[in-house]
Each structure stands twice: as C-alpha cells, then as structure tokens.
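These protein sequence lines are chains A and B, in that order.
Under my numbering, the final residue of the first sequence carries the number 483; numbering is consecutive throughout.
Under my numbering, the final residue of the second sequence carries the number 402; numbering is consecutive throughout.
Idealized CB from N, CA, C, for every residue including glycine.
Bear in mind the structure is a predicted one, so any value in this text is a computation, not a measurement.
Input: a single structure, listed below in structure tokens.
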Amino acid sequence: MGQTERKGQSQPPGMENPDPPGRGGGLSGADVVRSLWAWLTGSPLMALALKEVRQILRNKQLLFLLVFPPTIQLLLYGFALNPEVKYLDLGVVDYAQTLTSRELVASLTHNQVFTLNPGSASQAALGEQVQRGEITAGVVIPPDWQRQLQRGETATVQVLIDGVNANTAGIANGYINQIVQSFSRNLDPPAPPAPIQPQVHFLYNPGLISSWFFVPGMIGVVLTLTSSLVSSSALVREKDTGTLEQLLMTPATAGEILLAKIIPLFVLLMGDVMLALLVADVVFSVPFRGSLLLFLTLSGLYIFVGIGVGMMLATIARNQQQVVLISFFINMPLIQLSGAIAPVESMPLAIRYLSWLNPLRHYITIVRSILLHGVGLEVLWPHVLALAVFVVILLTVSIYRFRRQLS
Amino acid sequence: MQRILAQCRKELAQFRRDRLTVALALILPVATLLIFGYAIRLESKHIPLAIQDWDQSWLSRAYIEQLFATNQFAPVRRAGDEDAIAVIDRGHAKATVVIPPDFSRRVEAKLPSPVQVLVDGSDVNNARVIRNSIRATTNYFMRVNDLLPGSERVVARVRLWFNPGRRESLFIVPGVYAVVLAVFPALLSAIAMVREKEQGTILQVYASDLRPVEWVLGKGLAYFLVGQLESVLVLTGAMGLFGLRLVGDPTPLLVGNTVFVSASVLFGLLIGSRASNQGAAVQAVALISFLTALLLSGFIYPISNIPFPLSLIAWVVPARYFMEITRDAFVRGTGWAGVWPAELALMGLALLFLRAVLLATQRMQLKD
Numbered sequence: 077m078g079q080t081e082r083k084g085q086s087q088p089p090g091m092e093n094p095d096p097p098g099r100g101g102g103l104s105g106a107d108v109v110r111s112l113w114a115w116l117t118g119s120p121l122m123a124l125a126l127k128e129v130r131q132i133l134r135n136k137q138l139l140f141l142l143v144f145p146p147t148i149q150l151l152l153y154g155f156a157l158n159p160e161v162k163y164l165d166l167g168v169v170d171y172a173q174t175l176t177s178r179e180l181v182a183s184l185t186h187n188q189v190f191t192l193n194p195g196s197a198s199q200a201a202l203g204e205q206v207q208r209g210e211i212t213a214g215v216v217i218p219p220d221w222q223r224q225l226q227r228g229e230t231a232t233v234q235v236l237i238d239g240v241n242a243n244t245a246g247i248a249n250g251y252i253n254q255i256v257q258s259f260s261r262n263l264d265p266p267a268p269p270a271p272i273q274p275q276v277h278f279l280y281n282p283g284l285i286s287s288w289f290f291v292p293g294m295i296g297v298v299l300t301l302t303s304s305l306v307s308s309s310a311l312v313r314e315k316d317t318g319t320l321e322q323l324l325m326t327p328a329t330a331g332e333i334l335l336a337k338i339i340p341l342f343v344l345l346m347g348d349v350m351l352a353l354l355v356a357d358v359v360f361s362v363p364f365r366g367s368l369l370l371f372l373t374l375s376g377l378y379i380f381v382g383i384g385v386g387m388m389l390a391t392i393a394r395n396q397q398q399v400v401l402i403s404f405f406i407n408m409p410l411i412q413l414s415g416a417i418a419p420v421e422s423m424p425l426a427i428r429y430l431s432w433l434n435p436l437r438h439y440i441t442i443v444r445s446i447l448l449h450g451v452g453l454e455v456l457w458p459h460v461l462a463l464a465v466f467v468v469i470l471l472t473v474s475i476y477r478f479r480r481q482l483s
Numbered sequence: 035m036q037r038i039l040a041q042c043r044k045e046l047a048q049f050r051r052d053r054l055t056v057a058l059a060l061i062l063p064v065a066t067l068l069i070f071g072y073a074i075r076l077e078s079k080h081i082p083l084a085i086q087d088w089d090q091s092w093l094s095r096a097y098i099e100q101l102f103a104t105n106q107f108a109p110v111r112r113a114g115d116e117d118a119i120a121v122i123d124r125g126h127a128k129a130t131v132v133i134p135p136d137f138s139r140r141v142e143a144k145l146p147s148p149v150q151v152l153v154d155g156s157d158v159n160n161a162r163v164i165r166n167s168i169r170a171t172t173n174y175f176m177r178v179n180d181l182l183p184g185s186e187r188v189v190a191r192v193r194l195w196f197n198p199g200r201r202e203s204l205f206i207v208p209g210v211y212a213v214v215l216a217v218f219p220a221l222l223s224a225i226a227m228v229r230e231k232e233q234g235t236i237l238q239v240y241a242s243d244l245r246p247v248e249w250v251l252g253k254g255l256a257y258f259l260v261g262q263l264e265s266v267l268v269l270t271g272a273m274g275l276f277g278l279r280l281v282g283d284p285t286p287l288l289v290g291n292t293v294f295v296s297a298s299v300l301f302g303l304l305i306g307s308r309a310s311n312q313g314a315a316v317q318a319v320a321l322i323s324f325l326t327a328l329l330l331s332g333f334i335y336p337i338s339n340i341p342f343p344l345s346l347i348a349w350v351v352p353a354r355y356f357m358e359i360t361r362d363a364f365v366r367g368t369g370w371a372g373v374w375p376a377e378l379a380l381m382g383l384a385l386l387f388l389r390a391v392l393l394a395t396q397r398m399q400l401k402d
C-alpha cells in the first residue's frame with residue numbers, strides 16, 4: 077500500500093524530470109538509461125522508467141525471484157540430470173567355475189560400467205533379483221561352458237537385463253555384447269583383429285560431461301521462467317492495485333507506459349543472463365566457444381520473447397495469483413517441448429515439427445550452438461529469424477491487447 | 035468428525051467456484067501426462083547420419099546400407115563441398131562416418147581398416163547410443179559377410195525382461211503419473227491454505243471453535259479427494275493413450291496412491307502455511323515439489339547417478355518411492371514382495387508431513 081502512495085509522488089512527469097534523471101542514471105548504473113535520457117529529455121518516459129527502477133529496487137521479492145530460483149534450477153539440473161551408465165549392479169551365477177569363466181566375469185566388471193553384486197546363488201535367485209530391481213543385469217555361465225569351448229563350439233552366456241529403464245537397458249546391452257565379443261576374440265588362441273574398426277570421436281564434448289548438455293538448455297528455461305514471471309507481475313500489479321488508472325491520467329501514452337516498464341526489466345534480465353553464464357562457467361566449466369557479443373545480442377532478443385509472453389499473461393490474468401497459475405499452462409509445454417531435458421531429435425515427428433513454433437527451442441539451439449559448437453550467425457540465422465518473428469508477433473499482440481484493456 | 039466433513043464440504047464448494055483453479059486441477063494433469071508422455075524420449079530414432087565414402091566400392095556401399103538398415107539412422111544429403119565436421123557443426127547431422135579410400139582393399143586383405151566416426155557429443159546420451167549402435171551394426175555386418183576371422187567362441191544371449199521392445203513409454207509414463215500427483219494436489223492445497231491467510235479468513239477460523247487438527251484434516255480431505263480425481267484422470271489417460279496395463283497385484287498401487295496423494299496434499303498445506311502469499315506459495319511448490327519429483331526421483335535418469343550431497347535429499351523425496359511403486363505396478367509386477375519398503379517409506383514421510391503441518395498451523399495461530 078505504501079508503494080502506491082509513493083509512486084504517486086514521482087508521477088507528475090515532465091516538470092520534475094530534471095531532478096530524478098541524475099540520480100536515476102546512478103541508480104541503474106546502465107549506460108542504456110543515460111543515453112536514452114539524453115535522447116528523450118523532457119518525455120514522460122524517463123520519469124516512468126525511473127519510477128519502475130525505484131519500485132523494482134524496493135521490491136525484495138522481485139530481486140529474490142531474479143537471483144534465487146534461476147541459480148537453484150541451474151545447479152539442480154546441472155548436477156542431478158546425468159545419463160551416465162556407470163556402476164550398474166551385475167549379478168553373476170557361474171556354474172562353470174573355471175579359469176576362463178572367472179576371466180569373463182572379471183572382464184565384465186573391471187570397467188566402471190558394472191559392479192559385481194555378490195548375492196546371487198542360483199539362476200532362479202538371479203531372476204528374482206532382476207525382477208525386484210536389485211540388479212540391473214544378470215549373467216549366467218552354464219555348467220557345460222568349458223566343454224563347449226574345448227570342443228570348439230560356440231559357448232553361450234545367458235544375460236538377463238532389467239528392461240524397465242529402456243534407455244539404460246539398451247546401453248547396458250551394448251556394453252555387454254561388446255565386452256563378451258572382445259573377450260571371445262582374445263581367448264586362446266587370440267583371433268586376428270577384426271577388419272572393420274569403427275573409431276569413434278566425440279566432438280565438442282569428448283568427455284561426454286552431461287552438464288555441458290543440460291546447463292545451456294537450463295539457461296534458456298530459467299530465462300523463460302524469470303522473464304515471463306517478472307514482467308507479467310510488474311504489469312499486473314498496476315492492474316491489481318488500481319494504480320494503472322492513475323498512470324493513464326498522466327500525459328504519458330500507453331506505449332510510453334509499457335516501454336518504461338520494459339526497459340528496466342530488460343536490463344535486470346540481462347543481468348540474469350550474465351548470472352546464468354557465470355554459474356555455467358564457474359560451477360560447471362561449460363566451454364564458451366562462440367562469440368560473446370552474439371550470445372548477448374541473441375539473449376537480449378530472447379528476453380523480449382519472455383517479456384512478450386509475460387505481457388500476454390498480464391493481459392489475460394486479472395490479478396497476480398492468476399498470473400502465476402496461468403503461467404503454468406504456458407511455460408510447462410514451452411519448456412518440455414524445447415529440448416532442454418530430452419533432446420528434440422528424440423521426440424515423435426509431429427512434436428518435432430510442432431517444436432518449431434516454440435521460441436525456447438530456438439533459443440536453446442542457439443545457446444548450445446554458441447557455447448559448445450562455437451558457430452556463428454552463418455549457421456544460426458534460421459533460429460534468429462524465428463526468434464525475431466516471435467518477438468514481433470508477441471509484442472504486437474500483447475501491446476494491442478494491453479491498449480485495448482486500457483481504454 | 036462432523037466438523038472435519040463440514041470443513042471439507044466448504045473447501046470443495048470454494049474450489050468449485052474458482053473456474054481457473056478447477057481448470058488447473060483437471061486440465062493441467064492431463065496436459066502434463068500428454069506432454070511428458072509423448073515428448074520425453076531419451077533415445078533418438080532416425081538420427082541424421084552423414085557418410086563420406088572415399089572408397090566407393092561394393093563393400094563400402096554394402097556397409098553403408100547396413101548402417102541404415104535399422105531405423106536408428108537416417109541418411110543426410112551433404113552439399114558436395116561440405117566436409118565431415120561442417121555438416122555436424124551446422125547441426126544437419128549428428129554423426130559422420132568416414133570410410134577411408136583403401137577400405138575394401140584392406141578388408142579383403144584381412145588387415146584392420148579403421149573407419150572414422152565423428153559424433154556430436156553435445157547430446158551426451160545419444161552420443162553413447164550412436165557409438166554403441168555403430169559398433170553393433172559393424173559387428174553384425176562383419177559376421178553376416180564372413181569377414182570375421184576365426185569363429186565366434188563366446189556369444190551373449192541377451193534377454194530384456196519386462197520390456198523386450200524397449201518401449202521408453204513404459205519407463206516414462208509411470209514416472210509421469212508420480213510427477214503429476216506430486217505437483218498438482220500440493221499446488222491446490224498450498225493455494226487454499228495461503229488464501230486463508232491472505233484474505234484474512236483465518237481470523238474467522240480462530241474465532242470458531244474448530245480445532246487446528248480438524249481444520250487441517252478437513253482441508254486436507256477436500257484436496258485429497260480432488261487429488262484422487264486427478265489420479266483417476268491420469269490413470270485413464272495412461273491406460274487409454276499409452277497402453278499401460280496393470281500387471282499383477284493392484285493393491286500396492288491402491289495403497290501407495292492413497293498415501294502418496296495424502297503426502298502430497300500435506301506437503302502443499304505445509305508450504306501454504308509458511309508462504310506469505312499465493313504467488314510465493316505457487317513458486318515454492320513449483321520449485322520444491324516439481325523439481326524434486328523431476329530431478330531427484332529417478333524419473334529420467336537413475337537415482338544412482340545423482341552426486342553425493344544431492345543424493346541425500348533424494349531419500350526424502352516421496353515421488354521417488356511412489357515411482358518405484360508405479361513402475362512395479364505397470365511394468366515389473368512383483369507386488370508387495372518388491373515394494374513394501376517403498377510403501378513404508380511413503381507412510382513415514384506422510385506422517386512426517388502431517389506432524390509438520392500441525393506444528394506450522396499452531397505457529398500460524400500464535401503469530402496473530
């Protein structure tokens with residue numbers, strides 16, 4: 077309540093302008109504001125922007141929203157999401173109990189993919205363990221193994237894999253086959269090397285560090301959530317407390333009111349981009365291979381998408397509670413269909429095409445490409461173009477709706 | 035008892051009146067199921083794969099054909115001057131296979147011939163899938179064409195249990211079921227709780243002779259019922275759209291479902307009694323319930339991959355235990371023998387939340 081009263085004081089624009097701007101330049105500390113000031117002397121825009129900056133700085137909750145949730149989310153996603161297939165529990169029932177069978181068990185477990193789970197006594201017990209999910213894979217070496225090997229027959233090893241987690245099961249399956257195969261080739265007498273030898277090199281992320289994939293995606297997600305929420309709550313608050321009417325009585329036009337709201341938010345959200353980049357660099361050592369300038373420019377472009385979404389929300393919702401609830405409806409599909417968590421390439425074809433209509437998907441592609449691939453506009457232009465189209469559409473529609481609601 | 039029921043009726047009436055909340059309660063869970071269920075796929079099919087064949091022999095062509103024979107890879111047309119890495123740089127292909135010029139000569143001479151495979155490592159999971167898949171296909175190709183010197187002496191006969199076709203939906207959808215029930219009942223009850231404080235109606239509650247336990251239980255019961263409705267909706271969707279079927283004994287799921295929805299509602303009440311306004315409450319639920327259910331529950335990747343300090347938090351995430359129960363009920367089918375520890379853990383957590391809510395409401399009373 078106190079806020080609205082004080083806001084009223086800074087509202088009479090024009091006349092009081094010469095006084096606040098000096099302080100305002102210092103307050104926001106951004107050259108943007110200062111150069112705009114030189115350009116817009118005498119316009120109500122400046123006074124309004126100043127009012128917004130003051131209001132934001134006074135609003136502890138908003139500052140909290142800008143810093144705390146993004147950092148937590150980046151950290152959580154970066155650390156917790158890890159597709160590594162390592163230390164899977166492997167049960168072994170070795171009925172053969174010979175030197176070679178023990179060698180096979182050793183070669184299955186001496187890497188980091190499988191660790192031996194000692195609790196399996198019989199084939200039936202092994203089956204139960206797989207069923208209960210206590211072990212991911214079970215290997216049964218039959219009693220006549222040694223005999224088959226000595227006769228030169230193909231000896232079989234039975235492998236049971238818990239298929240509940242389809243992805244892990246697939247990778248575990250691949251590993252077991254490769255290990256058994258190389259074991260078989262190295263059996264005495266060792267077979268000559270296989271004629272075709274695929275040599276796999278991983279580009280961009282040779283160590284396959286999972287956070288390098290998830291953190292750039294999360295930068296996009298965090299930016300979407302924060303920018304839409306912050307901008308919508310800044311707008312809807314005026315509607316909520318009824319101060320929007322007071323603003324309308326001033327000589328400022330609707331466009332100026334909006335612009336004055338957008339500029340300080342934009343500066344703050346750029347700060348968020350830097351924060352996210354800092355976390356990515358310091359905590360996760362995500363490489364930055366492309367151009368920083370391009371990254372910041374395109375992030376700026378994307379912030380306008382977020383602000384556009386937020387303004388749209390604000391025109392739909394009647395009060396702050398509704399904003400938060402409605403943002404669920406919009407942000408959830410945006411995020412899940414963006415490739416931040418599950419890669420877009422893995423989604424069904426129809427959803428993949430649909431994801432072209434998702435601005436976040438374009439932004440995440442841009443972030444990953446700049447950070448990891450180190451490519452520039454020559455590759456990214458279709459995504460930049462798409463983002464620009466979204467900015468234009470979102471801002472036009474929401475400004476139009478906002479104006480209509482004003483009159 | 036009667037006062038609890040009255041409180042519950044009042045809460046439901048209030049719930050019905052707010053169209054937005056009703057939509058939130060009934061549409062969002064189904065939407066979440068659809069989006070998560072269809073969109074979260076970890077393994078790519080039809081991965082764009084570029085080929086650079088410097089050999090151009092029948093053998094190299096047969097090898098390439100073999101690579102594309104499964105639905106794992108889809109060929110990418112390259113512009114003539116594009117080199118192997120540029121096509122990955124541009125994102126047109128996820129991997130390039132470079133076949134050297136003396137490929138067929140060396141293979142026929144039984145000499146090892148390296149085939150270079152460049153894989154885009156930025157999508158870590160699929161990079162592994164691509165590597166395994168190319169190695170497996172290569173081995174198959176050599177075996178079929180009798181290129182492997184020496185007979186194979188040991189082979190692994192692999193059987194995938196529960197999910198032989200490796201349908202990812204069998205893993206993801208039971209998980210989504212748990213995520214939905216972790217988030218939405220909590221969200222609704224948190225909003226209902228904090229609204230009393232925000233609108234000042236909590237003073238009326240103080241003034242009445244309603245005891246805090248009755249008040250909390252009445253509110254909880256109302257949202258428990260809503261949560262059960264949500265679980266029926268999501269269950270219908272999971273069975274109708276994703277073809278999930280209950281395998282084995284349904285009682286662990288029934289019990290687990292009841293306990294889990296209660297835990298979720300109680301957690302919402304807890305957040306609601308601590309938050310200062312609805313926005314903060316929703317934010318808190320979204321951040322805590324949603325993120326823990328999504329990230330610290332084994333929903334996407336195994337819990338064992340979570341690094342140490344975070345893995346401690348995973349122990350008190352109810353969704354983690356409920357996910358074990360749903361996956362067992364829909365895929366594994368071991369019944370009580372397999373899931374009783376998870377059920378016990380859930381009950382423990384639910385009681386813990388109840389205790390915390392009662393404490394928190396007492397504090398709410400003292401403050402004013």
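Cβ shell of residue i (< 6 Å), same chain only, five flanking positions each side left out
i	result
Phe70/B	Val210
Ile252/A	Val235
Ala108/B	His80 and Pro82
Contact with chain B by residue i, beta-carbon distance below 9 Å
i	result
Leu404/A	It should be noted that the sequence gives Phe, not Leu, for residue 404/A. Yes - at least one Cβ of chain B is within 9 Å of the one on Phe404/A.
Met122/A	no
Phe259/A	yes
Glu160/A	yes
Ile383/A	no
Ala267/A	yes
Phe485/A	Because chain A is modelled from 77 through 483, residue 485/A falls outside the range shown and cannot be assessed.
Gln199/A	no
Arg99/A	In this prediction, Arg99/A scores a pLDDT of 43, lower than 50, which makes its location untrustworthy; no coordinate-derived value is stated.
Thr230/A	yes
Ile132/A	no
Leu103/A	Any reading at Leu103/A must be qualified, since the residue scores a pLDDT of 49, below 50, and its modelled position is unreliable; no value is offered.
Residue-chain proximity (residue i, chain A), Cβ-Cβ < 9 Å
i	result
Ile236/B	no
Gln86/B	no
Thr104/B	no
Ile122/B	yes
Asp89/B	no
Thr172/B	yes
Same chain, Cβ closer than 7 Å to residue i, neighbours up to 5 away in sequence not counted
i	result
Val381/A	Pro435, Leu463, Phe466, Val467 and Leu470
Leu67/B	Val210, Val214, Val268, Gly271 and Ala272
Ile402/A	Leu389, Ile392 and Ala393
Val189/A	Val161, Lys162, Leu164 and Tyr251
Val295/B	Leu215, Pro219, Phe258, Gly261, Gln262 and Ser265
Supposed close pair residue i, residue j - CB separation, criterion 8 Å
i	j	result
Ala327/B	Val217/B	6 Å
Asn311/B	Glu230/B	The pair is not a contact, with the Cβ atoms about 12 Å apart (cut-off 8 Å).
Gly293/A	Gly415/A	7 Å
Ile168/B	Val276/A	7 Å
Val206/A	Val233/A	Rounded, the Cβ-Cβ distance is 15 Å, inconsistent with contact.
Same chain, Cβ closer than 8 Å to residue i, neighbours up to 5 away in sequence not counted
i	result
Leu344/B	Leu330
Phe278/A	Leu284
Touching by the beta-carbon criterion (3+ pairs, under 8 Å), the segment 183-201 of chain A and the segment 164-173 of chain A: yes
Sufficient close CB pairs (3 or more, under 8 Å) joining the segment 48-55 of chain B to the segment 214-229 of chain B: yes
The segment 71-91 of chain B touching the segment 170-185 of chain B, judged by at least three CB pairs closer than 8 Å: no
Chain B contacts made by the segment 387-404 of chain A, where a contact means CB separation under 7 Å: Gln396, Gln397, Gln398, Val400, Leu401 and Phe404
Inter-stretch contact (C-beta, 8 Å, three-pair minimum) for the segment 197-204 of chain B and the segment 232-240 of chain B: no
Selection of the segment 137-157 of chain B by Cβ proximity to chain A, strictly under 9 Å: Phe137, Arg140, Val141, Glu142, Ala143, Lys144, Leu145, Pro146, Ser147, Pro148, Val149, Gln150, Val151, Leu152, Val153, Asp154, Gly155, Ser156 and Asp157
Residues in the segment 232-249 of chain A having any Cβ partner in chain B nearer than 8 Å: Thr232, Val233, Gln234, Val235, Leu236, Ile237, Asp238, Gly239, Val240, Asn241, Ala242, Asn243, Thr244, Ala245, Gly246, Ile247 and Asn249
The segment 302-314 of chain B contacting the segment 372-380 of chain B, beta-carbon criterion three pairs below 8 Å: no
Inter-stretch contact (C-beta, 8 Å, three-pair minimum) for the segment 417-431 of chain A and the segment 450-459 of chain A: no
Against chain B: residues of the segment 267-283 of chain A by CB proximity under 7 Å: Ala267, Pro268, Pro269, Ala270, Pro271, Ile272, Gln273, Pro274, Gln275, Val276, His277, Phe278, Leu279, Tyr280, Asn281 and Pro282
Residues within the segment 189-214 of chain A neighbouring chain B, beta-carbon criterion of under 7 Å: Val206, Gln207, Arg208 and Gly209
Interfacial residues, the segment 70-81 of chain B to chain A, with Cβ spacing under 9 Å: Phe70, Tyr72, Ala73, Ile74, Arg75, Leu76, Glu77, Ser78, Lys79, His80 and Ile81
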